[in-house]
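Going by our numbering, the first residue of the sequence shown is number 1, and it counts up by one from there.
We treat Cβ as the ideally placed atom computed from N, Cα and C, and that holds for glycine.
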Amino acid sequence: MGTKEVDVICVGAAIIDIPLQPFSKEVFDVDSYPIDKISVTTGGDAINESIILSKLDKKVILMSRIGKDLMGEYILKECERHNVDAGSMVVDDSIDTSINIGLVREDGERTFVTNRNGSMWRMDVQDVNFERFKEAKLLSMASIFNNPLLDNNALLKIFKKAKDSNLITCADIIKSRDGKGLRDIKDALGYLDYFFPNYDEAVDLTGKEDLDEIADVLLDCKIKNVVIKIGKDGCFIKNIKERYIIPTYKKANRIDTTGAGDNFVAGFITALLENKSLEYCGKFANAVASVSVQSLGATTGVENRKQVMDMMKE
């Protein structure tokens, strides 16, 4: 992977998650409803990926925007605690750090309530420090559509700069909040080496339901490798030469799926940087995600590589 000292630059959201578990509609029928746990953790795709990558022994730079407030300070301290380079974070005293309230059901699935005026909604391309691209091997755009101001033009600029710096380019995605679709980001997607939608996001993006048909639409956009996360069934990987369906690990006890996709991407990137095969990258990524869902919160489950290797022994 060359002589660059940094493994990954993660660009995207760094916020606060407050998961409530277990949560049900019965909450609204009573004056007071005790639940098992309320906690405050870091959240957001980019910081989730960054922390897990660091736990898996990768050197990471995080680029995001946060507020100059208590929650922003907490994010910076967590970056320091997990050896994530936050030197390029933008601290903005005119906004609040975004907070997500996670309503986690007994089956581990969740819904988020978020502040549309927070830092995640204000991050733009000016918050990306292109000078630092020359330090790294890989760029991860943690979630297309998650930061609304990072539109197709912004993504084009980011991905072109990454390619000019000889970075591997990766991106995840969420469903657009304002109706944007494939036509709105198609130009930018053509610069990607690896694309990581989950199944529902991929269906929404392409209008197809069959995994091969979905992947073919995305490959036609000139994406080199399509990696579709298919939840408890694992992942589907396809490029012009290879095709894999890789099952996940059944022994994982699903407690909270928050951040499972971010953990998957961090695991895949880790194996990719170690020159592993596509199939192995999928297996390793599945294992990281399987470890992550066994704990409440996006970054609390994975502590070290040994947990992942133990999961892979199934």
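- Under the 10 Å beta carbon count, D164 is surrounded by fewer than 16 other beta carbons and is classified as exposed.
- Of all alpha-carbon atoms in S176, E131, L182, I245, the one lying nearest the alpha-carbon of V217 is that of L182.
- In chain order, T248, R254 place their CB closer than 8 angstroms to the CB of K232, counting only its own chain and leaving out the 5 sequence neighbours on each side.
- According to the DSSP assignment, R243 belongs to the beta strand (DSSP E) that extends over 243 to 246.
- With the rule of 3 Cβ pairs closer than 8 angstroms, the region 29 to 42 does not count as touching the region 120 to 137.
- Taken through DSSP and simplified to helix, strand or coil, N239 comes out as coil.
- Here M312 carries a helix assignment [DSSP, helix/strand/coil].
- Separation of L20 and I35 (C-alpha to C-alpha, rounded to the nearest whole angstrom) is 7 angstroms.
- Straight-line spacing of the CA atoms in K68 and W121 works out to 15 angstroms.
- Exclusion of the five residues before and after N286 leaves G234, C235, I246, P247, T248, Y249, F264, G267 as the residues of its chain whose Cβ lies within less than 8 angstroms of its Cβ.
- In the pairwise beta carbon analysis, the region 104 to 113 is classified as not touching the region 78 to 89: fewer than three pairs are separated by under 8 angstroms.
- When secondary structure is reduced to three states using DSSP, Q294 falls in the coil class, being assigned neither helix nor strand.
- In this structure the region 269 to 278 does not lie against the region 296 to 304, because fewer than three pairs of beta carbons, one per stretch, are closer than 8 angstroms.
- Between V308 and the set L211, G297, V288, L296, the nearest pair of CA atoms involves V288.
- Rounded to whole angstroms, the gap between the alpha carbons of G118 and I99 is 8 angstroms.
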